[in-house]
Amino acid sequence: MLKVKLIEHTPNPEKLVAAAARLCYSQDDLDEIFSDLSDENTQKFLEMLISMGHESPIEHISFTFAISGVSRSLLAQITRHRIASFSVRSQRYVSEDNFEYITPPEIEADKEALEIFKASMDKSLQDYKKLSDILYKKHYEKYLSDGFSEKEASMKAEKKAIEDARYVLPNACETKMALTMNARSLLNFFKLRCCMRAQWEIRALAIEMLKEVKKVAPTIFKFAGPSCVHTGCREGKMSCGLAKEMKEFYNNL
Ligand SMILES: Cc1cc2nc3c(=O)[nH]c(=O)nc-3n(C[C@H](O)[C@H](O)[C@H](O)COP(=O)(O)OP(=O)(O)OC[C@H]3O[C@@H](n4cnc5c(N)ncnc54)[C@H](O)[C@@H]3O)c2cc1C
Numbered sequence: 000m001l002k003v004k005l006i007e008h009t010p011n012p013e014k015l016v017a018a019a020a021r022l023c024y025s026q027d028d029l030d031e032i033f034s035d036l037s038d039e040n041t042q043k044f045l046e047m048l049i050s051m052g053h054e055s056p057i058e059h060i061s062f063t064f065a066i067s068g069v070s071r072s073l074l075a076q077i078t079r080h081r082i083a084s085f086s087v088r089s090q091r092y093v094s095e096d097n098f099e100y101i102t103p104p105e106i107e108a109d110k111e112a113l114e115i116f117k118a119s120m121d122k123s124l125q126d127y128k129k130l131s132d133i134l135y136k137k138h139y140e141k142y143l144s145d146g147f148s149e150k151e152a153s154m155k156a157e158k159k160a161i162e163d164a165r166y167v168l169p170n171a172c173e174t175k176m177a178l179t180m181n182a183r184s185l186l187n188f189f190k191l192r193c194c195m196r197a198q199w200e201i202r203a204l205a206i207e208m209l210k211e212v213k214k215v216a217p218t219i220f221k222f223a224g225p226s227c228v229h230t231g232c233r234e235g236k237m238s239c240g241l242a243k244e245m246k247e248f249y250n251n252l
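Here you go:
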């Protein structure tokens, strides 16, 4: 099951952004501006900043999420976002001999499709285990003959075996990651991935991430979401035509 938690973020995120932006138009030092800013002025300044599209000051604040219950398919998509930092559970170092998997809702809803899907997952798991065993034995013998102790040979053989056996694992395989993005990159992420054109799994993740950051930086993320929510749909012929519904959904998130 998808799990998203904002585990850390820059302290006083909105005040810091407002102070950094204000520095651009002030003779004072940043620390003075920061300590002099009231909540009311922070709010006013942020609203002005957002309406002007002056986005670089929001790069000063970062958000770190703990994400689990997502597929390797999602991983391929999310890591395309280059202005971000990732740490992902390794399939080279961690065995997948009991892997969980993500079932797409459309497959879940169809009895026949679900049977095929489950059988495919079981087959992948069995093949993964068989390959791991075959490769483990081969590497273990080799490491022993190279003079490693039984314990060392076993650890090295297991790692070497699973790094090849993993090639049979499915895209549906569950993964976990730590993800850090600054607020500007997050706004771009939400614009692309909250859109109805984004794939269902990454859209569900983006919505949960947006809910989390709205709790700690409500003004900065007030208009976050697909472009139709704030500026207007940019999808042209591919538009879902649901701008009104999207606006309502994201304004009430
Ligand atoms: C609906 C949808 C469908 C997609 N389909 C495909 C697909 O079929 N095939 C595919 O390969 N990808 C696909 N993508 C991925 C997409 O092309 C982007 O790689 C991904 O969304 C990351 O977006 P980004 O580059 O804006 O983000 P980031 O990498 O985080 O970059 C943020 C911003 O920084 C700037 N930037 C970053 N790097 C550079 C650079 N090298 N040069 C200039 N500016 C830079 C850009 O302004 C960019 O928008 C799809 C994405 C979506 C949302």
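First residue of the sequence shown: 0, per numbering that gives the first Met the number 0; consecutive thereafter.
Note that CB positions come from ideal geometry on N, CA and C, so glycine has one too.
Cβ distance (whole Å) where residue i is taken to contact residue j below 8 angstroms
| i | j | result |
| --- | --- | --- |
| I49 | A182 | That belief does not hold up - the Cβ atoms of I49 and A182 are roughly 11 angstroms apart, past 8 angstroms. |
| E207 | V3 | 4 angstroms |
| I82 | M176 | Between M176 and I82 the Cβ distance is about 16 angstroms, and since that is not below 8 angstroms, they are no contact. |
| E95 | R165 | 6 angstroms |
| H80 | F147 | About 41 angstroms separates the two Cβ atoms, so there is no contact after all. |
| R196 | A205 | Not confirmed; about 12 angstroms, so no contact. |
| G224 | L241 | Not a contact, Cβ separation roughly 12 angstroms. |
Helix, strand or coil at residue i according to DSSP, with G and I counted as helix
| i | result |
| --- | --- |
| M176 | strand |
| I60 | coil |
| E99 | coil |
| F248 | helix |
| E7 | strand |
| S86 | strand |
| V93 | coil |
| A108 | coil |
| S72 | helix |
| S67 | strand |
Nearest residue (CA-CA) to residue i, options the options
| i | options | result |
| --- | --- | --- |
| C239 | C194, S72, M180 | C194 |
| I77 | R202, S226, F248 | R202 |
| D35 | H229, E211, L22 | L22 |
| F44 | K14, L186, P217, L204 | K14 |
| R71 | L143, T102, E211, E54 | T102 |
| A171 | R79, K210, L74, K159 | L74 |
| H53 | E200, A19, D28, E247 | A19 |
| T9 | I60, E46, S25 | I60 |
| Y249 | E111, K213, L130, Q90 | K213 |
| R88 | T174, K243, V215 | T174 |
| K221 | E247, R233, M237 | E247 |
| E46 | K155, A216, Q125 | A216 |
| V253 | L29, D30, Y92, D121 | Nothing about residue 253 can be read from this structure; the chain reaches only from 0 to 252. |
| Y127 | A160, P104, M245, E151 | A160 |
| F85 | I115, M180, A108, H229 | M180 |
| E211 | C232, L252, C227 | L252 |
| L124 | P12, L134, N97 | N97 |
| L178 | A223, N11, T63, G235 | T63 |
| D132 | K117, L113, A156 | A156 |
| Y92 | E7, A118, K236, E162 | E162 |
| T230 | K236, E151, S37, K190 | K190 |
is_contact[residue i, chain C] using C-beta, thresh 8 angstroms
| i | result |
| --- | --- |
| E157 | Judged by its chain identifiers, the structure shown contains no chain C, having just a single protein chain. |
task: Report the residue ranges of all alpha helix (DSSP H) runs contained in full by the region 161-234; include only those spanning at least 4 residues, in chain order.
output: 182-192, 199-215, 226-229
message: At 3 residues or longer, what runs of the beta strand (DSSP E) sit wholly inside the region 6-42?
response: none
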